[in-house]
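Okay, so here's the structure we're looking at.
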Amino acid sequence: MSKITLTRYLIEHQRKNPQFTANLRLLIEVVARASKAISHAVNKGALTDILGEAGTGNVQGEAQKKLDVIANEVLLEANEWGGHLAAMASEEMDHPYFIPNQYPRGGYLLLFDPLDGSSNIDVNVSIGTIFSVLPTPEDKIPTETDFLQAGNKQVAAGYAIYGPQSLFVLTVGDGVHGFSLDRELGSWVLTQPNMRIPEETKEFAINMSNQRHWAAPVTRYINELLAGSEGPRGRDFNMRWVASMVADVHRILSRGGIFMYPWDKREPNKPGKLRLMYEANPMSFIVEQAGGKATDGTRRIMDIQPEGLHQRVAVFLGSSQEVERVTGYHAEAK
Ligand code: AHG
Ligand code: MN
Ligand code: MN
């Protein structure tokens, strides 16, 4: 059986689903091609001038790494001229980038976290790119407000992970499929079709150093996991924390688990650390398509009506039974 490339997967998906447009197919191909370029840059590391600080800050007040800026540029340049997009928004840009008038405009909005896990770039630990696609009317010049659609409106989402292998993981609402970068062919090849998250898990991911700042339901849930076989759960749990959401979510898609970045008292006015529109929503779409769940402790993340492009959100996602349990603890605490 010949290899199924991303191109072939998309063409066959389009043939079976006429509502899946040629422009959406092109968009995904372009994002995948840009991810390939980012993967190559990541691989070169210190051999070229891509490591270290950029010396600038983003809208979140975070210091930008050179690779944050490079990955953002690669995605903008790859996507501006194809005619498939109306605008793009990114973690690294205060406001959306509207497609210049010299190019045709398409009916989609692309949002991305160009480089997720920035703190891991310089130490050679897995990082990634996260993206989300929303529809927009083709005949209207878009505004920033057009981006403020709930995650349940997404028509595609995915991530590329730059780890020991580079993978492109995609959903267009028809399950979750993983494609490995074959560097000899220069193609993304389907290697993980129909990724599913087991309902049950023995593994959790949270930054434990924030424990003293958590709210009561999170403390209760984690304490029960830590008590292991001697506690109410009656079994031992294992912990992992990569500090790249892409890597932690990819592990959960591969072997189950729950990922948490809850609200905490360090910055009480922010609902959480992660960003709704280009981190939590695309990852929630993927996790749900793989049979898992994603909430902010109270609501399904994909049903949250966004109020700002860079809005933050608390995140609990992964194996459904665990997400239900910790979400239930929040409900009981009210
Ligand atoms: P980014 O590099 O895009 O800013 O995202 C980093 C995020 C996420 O990938 C990860 O799960 C989390 O920040 C790690 O946070 P801590 O350093 O607080 O553990
Ligand atoms: Mn990120
Ligand atoms: Mn980032």
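Each residue of the sequence shown is one higher than the one before, counting from 123 in my numbering.
The beta carbon of each residue, even a glycine, is placed where N, CA and C say it ideally should be.
Per DSSP, which one or two residues make a beta bridge with residue i?
{"i": "PHE381", "result": "ALA327 and LEU439"}
{"i": "PHE253", "result": "PHE234 and GLY280"}
{"i": "TYR219", "result": "MET210"}
{"i": "GLY179", "result": "ALA185"}
{"i": "TRP310", "result": "LEU303"}
{"i": "VAL291", "result": "TYR281 and GLY300"}
{"i": "LYS415", "result": "GLY440"}
{"i": "ARG492", "result": "No statement about residue 492 is possible, as the shown extent of the chain runs from 123 to 456 and does not include it."}
{"i": "ARG422", "result": "THR417"}
{"i": "THR127", "result": "VAL311"}
Relative to the alpha-carbon of residue i, which residue among the options has its alpha-carbon at the smallest distance?
{"i": "GLN182", "options": "GLU214, THR251 and VAL448", "result": "GLU214"}
{"i": "GLN314", "options": "GLN287, GLU321 and GLY308", "result": "GLN287"}
{"i": "MET317", "options": "TRP363, PRO226, SER366 and VAL371", "result": "VAL371"}
{"i": "ASP216", "options": "THR178, VAL196 and ASN139", "result": "THR178"}
{"i": "ALA176", "options": "VAL164, GLY167, THR170 and LEU189", "result": "LEU189"}
{"i": "GLN271", "options": "VAL448, SER441, PRO428 and VAL294", "result": "PRO428"}
{"i": "LEU375", "options": "GLY280, GLN433 and GLN136", "result": "GLY280"}
{"i": "SER212", "options": "GLU260, VAL191, ARG227 and GLN224", "result": "VAL191"}
{"i": "LEU398", "options": "PHE301, ALA453, ILE252 and GLY356", "result": "ILE252"}
{"i": "PRO320", "options": "ALA453, GLN411, LYS392 and ASN201", "result": "GLN411"}
{"i": "ALA434", "options": "TRP363, GLU446 and GLY394", "result": "A quick correction: the sequence has Arg, not Ala, at residue 434. Of TRP363, GLU446 and GLY394, the residue nearest in Cα terms is GLY394."}
{"i": "ILE263", "options": "ARG388, ALA453 and GLY229", "result": "GLY229"}
{"i": "ARG373", "options": "SER441, LEU307 and VAL294", "result": "SER441"}
{"i": "PHE269", "options": "LEU307, ARG227, MET210 and GLU389", "result": "MET210"}
{"i": "VAL164", "options": "LYS275, THR267 and ALA282", "result": "ALA282"}
{"i": "TRP336", "options": "HIS299, GLY295 and GLU389", "result": "GLU389"}
{"i": "THR129", "options": "TYR400, GLY308, ALA369 and PHE359", "result": "GLY308"}
Check whether the Cβ atoms of residue i and residue j lie closer than 9 Å to each other.
{"i": "ALA193", "j": "LEU237", "result": "yes"}
{"i": "LEU256", "j": "LEU233", "result": "yes"}
{"i": "THR323", "j": "GLN443", "result": "yes"}
{"i": "PHE290", "j": "ALA402", "result": "no"}
{"i": "LEU396", "j": "MET367", "result": "yes"}
{"i": "GLY422", "j": "LYS415", "result": "Sequence inspection shows Arg at residue 422; the Gly mentioned does not correspond to that position. Yes, these two residues count as a Cβ contact at 9 Å."}
{"i": "GLY419", "j": "ALA436", "result": "yes"}
{"i": "LEU292", "j": "THR258", "result": "no"}
{"i": "TYR383", "j": "ILE328", "result": "yes"}
{"i": "GLY273", "j": "ILE380", "result": "no"}
{"i": "LYS125", "j": "LEU312", "result": "yes"}
{"i": "ILE150", "j": "VAL196", "result": "no"}
{"i": "GLN136", "j": "THR143", "result": "yes"}
{"i": "GLU266", "j": "PRO218", "result": "yes"}
{"i": "ALA200", "j": "VAL152", "result": "yes"}
{"i": "GLY204", "j": "LEU148", "result": "yes"}
If we ignore side chains and look at the alpha-carbon of each, how far apart do residue i and residue j end up?
{"i": "ILE243", "j": "ILE249", "result": "7 Å"}
{"i": "PRO404", "j": "SER254", "result": "5 Å"}
{"i": "ALA338", "j": "ALA455", "result": "8 Å"}
{"i": "HIS162", "j": "GLY350", "result": "42 Å"}
{"i": "VAL277", "j": "ASN332", "result": "35 Å"}
{"i": "SER157", "j": "GLY297", "result": "21 Å"}
{"i": "LEU431", "j": "HIS206", "result": "21 Å"}
{"i": "GLY378", "j": "VAL409", "result": "10 Å"}
{"i": "THR417", "j": "PHE438", "result": "5 Å"}
{"i": "PHE220", "j": "ARG334", "result": "43 Å"}
{"i": "MET424", "j": "SER406", "result": "7 Å"}
{"i": "MET361", "j": "GLU325", "result": "6 Å"}
{"i": "LEU132", "j": "TYR451", "result": "41 Å"}
{"i": "LYS187", "j": "TYR284", "result": "16 Å"}
{"i": "ASN180", "j": "ASP235", "result": "12 Å"}
{"i": "GLU202", "j": "PRO222", "result": "8 Å"}
{"i": "ALA365", "j": "LYS387", "result": "19 Å"}
{"i": "ASN246", "j": "SER302", "result": "19 Å"}
{"i": "GLN141", "j": "GLU352", "result": "53 Å"}
{"i": "VAL445", "j": "ARG355", "result": "15 Å"}
{"i": "GLU260", "j": "ASN145", "result": "11 Å"}
{"i": "GLY239", "j": "TRP363", "result": "12 Å"}
{"i": "GLY174", "j": "GLY167", "result": "10 Å"}
{"i": "ASP304", "j": "TRP310", "result": "6 Å"}
{"i": "ASN391", "j": "MET330", "result": "21 Å"}
{"i": "ILE172", "j": "SER241", "result": "14 Å"}
{"i": "ARG357", "j": "VAL448", "result": "17 Å"}
{"i": "GLN224", "j": "ALA453", "result": "52 Å"}
{"i": "LYS275", "j": "GLU306", "result": "37 Å"}
{"i": "TRP385", "j": "VAL294", "result": "30 Å"}
{"i": "ALA369", "j": "PHE359", "result": "19 Å"}
Q.
Report the start-end ranges of each alpha helix (DSSP H) in the stretch 347-409 that is 4 residues or longer and not cut off at the edges.
A. 367-377
(Q) Restricting to runs no shorter than 4 residues, where is the alpha helix (DSSP H) found entirely within the stretch 125-163? (A) 128-138
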